[in-house]
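Novice: Handing you a structure now.
There are 2 protein chains.
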Amino acid sequence: MRTDLRVIKTKEALHNALLEVLDEKSLDTISISEICRRAKVNRGTFYLHYAQVEDLFEEYFKEITADLARSYQEPYRHVTVLKTKELNPDTIRIFHHIEKYKHFYRIVFSKKVPLLYYYLLFEEIKQLLLKDQEAIVHEEIDHELHCSYQANAIIGIIIDWYHKDFSYSVEYLNRQLVQIVNIQSGNPKGT
Amino acid sequence: MRTDLRVIKTKEALHNALLEVLDEKSLDTISISEICRRAKVNRGTFYLHYAQVEDLFEEYFKEITADLARSYQEPYRHVTVLKTKELNPDTIRIFHHIEKYKHFYRIVFSKKVPLLYYYLLFEEIKQLLLKDQEAIVHEEIDHELHCSYQANAIIGIIIDWYHKDFSYSVEYLNRQLVQIVNIQSGNPKGT
DNA sequence: AATTTTATTGAACAGGTGTACAGTAAAATC
DNA sequence: GATTTTACTGTACACCTGTTCAATAAAATT
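Chains as they are written, first to last, in our numbering: chain A, 3 to 193; chain B, 3 to 193.
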């Protein structure tokens with residue numbers, strides 16, 4: 003077991019300090035020294051647990067993407083994201099999730115931040131698609147490649163949304179996604 | 003006019019120095035001091051032109067994405083990327099481009115590098131799609147959102163490719179992309 | 001060729017980084 | 001409760017960062 007109380011206290015202090023400073027300045031301008039000063043933790047101690055400020059932030063981020071996965075497992079709401087034919091605007095949860103944690107995703111999508119967080123989000127969505135679409139087999143199409151395509155396509159919409167300061171409504175994006183995914187499948191001009 | 007010879011010389015020296023050091027270590031571990039030492043340029047001078055090592059790299063990157071745009075304007079080869087029905091594996095140029103500059107894209111897609119370069123690539127592809135698909139109007143679908151979706155979907159495939167160390171052939175990816183884009187449009191099991 | 005403009009230099013400053021190590025204190029273990 | 005283990009502290013070091021400013025040298029302009 004590795005739950006030394008000192009470690010827990012230290013990490014908690016660092017987490018809280020980071021959140022405090024994040025209200026004042028952007029992630030890329032926050033120094034390890036400043037976090038440690040606020041957390042009243044020795045700078046050397048920081049290096050016992052993390053190598054960069056970004057690694058500390060990563061712990062938060064993983065908690066948040068865990069919520070994304072959880073929202074897919076809610077028993078009454080669980081649905082596929084992109085089982086095209088069955089796709090219903092009300093069942094898409096991803097844009098809700100992003101809006102819910104808008105505050106964090108503003109950081110994650112800011113241009114000075116390392117690509118790492120992007121990959122964490124990408125992998126999370128890709129895994130959801132991989133599981134959800136296990137049954138759907140297209141001969142000649144690499145399933146994983148297909149999921150990478152779809153997962154990142156959705157993030158493409160999110161990037162656009164972010165660059166417009168999250169001004170579209172979740173409902174609008176859900177409807178747009180359904181329309182885009184359904185292009186070519188039947189009557190293009192709607193019912 | 004702003005082509006002071008001194009500026010040109012300084013920038014050239016810094017560019018060359020960066021390329022030299024990039025052969026030895028990764029972008030995120032290269033210090034401004036080291037580049038200046040190699041370029042025999044005063045550190046203060048660096049700050050007259052750039053704020054970070056990343057800004058210097060950005061200049062290279064823009065030259066490279068310019069090649070991407072150029073390859074679409076070659077008179078005999080110019081074709082749309084995603085005019086679905088007409089899409090032919092031989093006409094897709096993007097994967098060729100990435101492979102050609104594999105060396106650079108390994109840097110661009112490494113997880114410690116800032117998101118900025120990702121956005122530069124994303125915007126480049128999105129603009130190509132926007133222009134190429136001007137004529138294609140889907141009522142009820144936001145054209146720009148649609149292009150963001152498609153542009154990033156392609157980058158999704160590239161990310162997958164990168165994470166597999168560019169081991170797929172360009173031809174294979176071209177064929178896969180055509181198959182994925184053509185899902186739902188007619189006979190799903192191929193001709 | 002002489003003059004003006006300006007890019008570059010070198011030095012200096014306060015702060016941050018990453019690492020090492022001995023000493024301390026707070027846990028876990030007995 | 002005493003002992004062992006180990007997380008944390010404080011200090012120190014070499015190096016990097018971002019900025020300022022007067023001095024210099026290399027351009028552009030006349």
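Beta carbons are placed, not taken as given, at the ideal position from N, Cα and C, and that holds for glycine.
Just the chain B side, please: which residues come within less than 9 Å of Phe-97(A) by C-beta, in chain order?
Specialist: None at all; the shortest Cβ gap to chain B is about 12 Å.
Novice: Can you grab the Cα-Cα spacing for the pair Glu-28(B) / Asp-162(A), in whole Å?
Specialist: The sequence as given places Ser at residue 28(B); Glu does not occur at that position. Each residue's alpha carbon lies about 30 Å from the other.
Novice: When you compare only the Cα positions, how much space is there between Leu-50(B) and His-99(A)?
Specialist: Approximately 43 Å between the Cα atoms of the pair.
Novice: Quick one, are the C-beta atoms of Arg-95(A) and Ser-73(A) less than 8 Å apart?
Specialist: Contact flag set, yes.
Novice: Would you decide whether Ile-10(A) is buried or exposed? Buried here means 16 or more other CB atoms lie within 10 Å of its CB.
Specialist: Exposed is the call here.
Novice: Along chain B, in chain order, which residues have C-beta atoms closer than 9 Å to that of Asp-57(A)?
Specialist: Per Cβ cutoff of 9 Å: no residues; Asp-57(A) is ~11 Å from chain B at best.
Novice: Would you mind stating whether Pro-116(B) and Lys-133(A) have Cβ atoms separated by less than 8 Å?
Specialist: In this structure, Lys-133(A) does not lie closer than 8 Å to Pro-116(B) by Cβ.
Novice: Could you tell me whether the Cβ of Glu-146(A) comes closer than 8 Å to any Cβ of chain B?
Specialist: With 8 Å as the cut-off, Glu-146(A) counts as an interface residue toward chain B.
Novice: Can you name the start and end residues of the alpha helix (DSSP H) that Gln-129(A) belongs to?
Specialist: Its alpha helix (DSSP H) spans residues 118-134.
Novice: Could you give the first and the last residue of the continuous alpha helix (DSSP H) run that contains Glu-207(B)?
Specialist: For residue 207(B) there is no data in the structure shown, the boundaries of chain B being 3 and 193.
Novice: Name the chain A residues that come within less than 7 Å of Ala-153(B), Cβ to Cβ?
Specialist: Simply Gly-158.
Novice: Cutting at 6 Å between CB atoms, please list the residues of its own chain near Arg-8(A), excluding the five before and the five after it.
Specialist: There are no such residues.
Novice: Quick one, which residues of the stretch 111-130 of chain B are near chain A if we go by CB-CB under 9 Å, in chain order?
Specialist: So the list reads Phe-111, Ser-112, Lys-113, Lys-114, Val-115, Pro-116, Leu-117, Leu-118, Tyr-119, Tyr-120, Tyr-121, Phe-124 and Lys-128, given in the order they occur along the chain.
Novice: For the structure I just gave you, are there three or more beta carbon pairs, one from the stretch 157-174 of chain A and one from the stretch 17-25 of chain B, closer than 8 Å?
Specialist: No, because fewer than three Cβ pairs between the stretch 157-174 of chain A and the stretch 17-25 of chain B fall closer than 8 Å, the two stretches do not touch.
Novice: Figure out for me which residue from Val-172(B), Leu-147(B) and Ser-171(B) has the closest Cα to the Cα of Ile-160(A).
Specialist: When only C-alpha atoms are compared, the closest one is Leu-147(B).
Novice: Alpha carbon to alpha carbon, what distance is there between Lys-128(B) and Cys-149(B)?
Specialist: Cα to Cα, the separation comes out at about 6 Å.
Novice: Chain A partners of Ser-150(B), CB-CB under 8 Å?
Specialist: Chain A residues near Ser-150(B): Gly-158, Ile-159, Ile-161 and Asp-162.
Novice: Could you work out which residue in Asn-154(B), Ala-155(B), Tyr-151(B) and Leu-123(B) is closest to Ala-71(B) when comparing CA atoms only?
Specialist: Of the candidates Asn-154(B), Ala-155(B), Tyr-151(B) and Leu-123(B), the one whose C-alpha sits nearest the C-alpha of Ala-71(B) is Leu-123(B).
Novice: Listing by chain order, which chain B residues have their CB less than 7 Å from the CB of Ile-185(A)?
Specialist: Near Ile-185(A) (Cβ distances below 7 Å), the residues of chain B are His-140.
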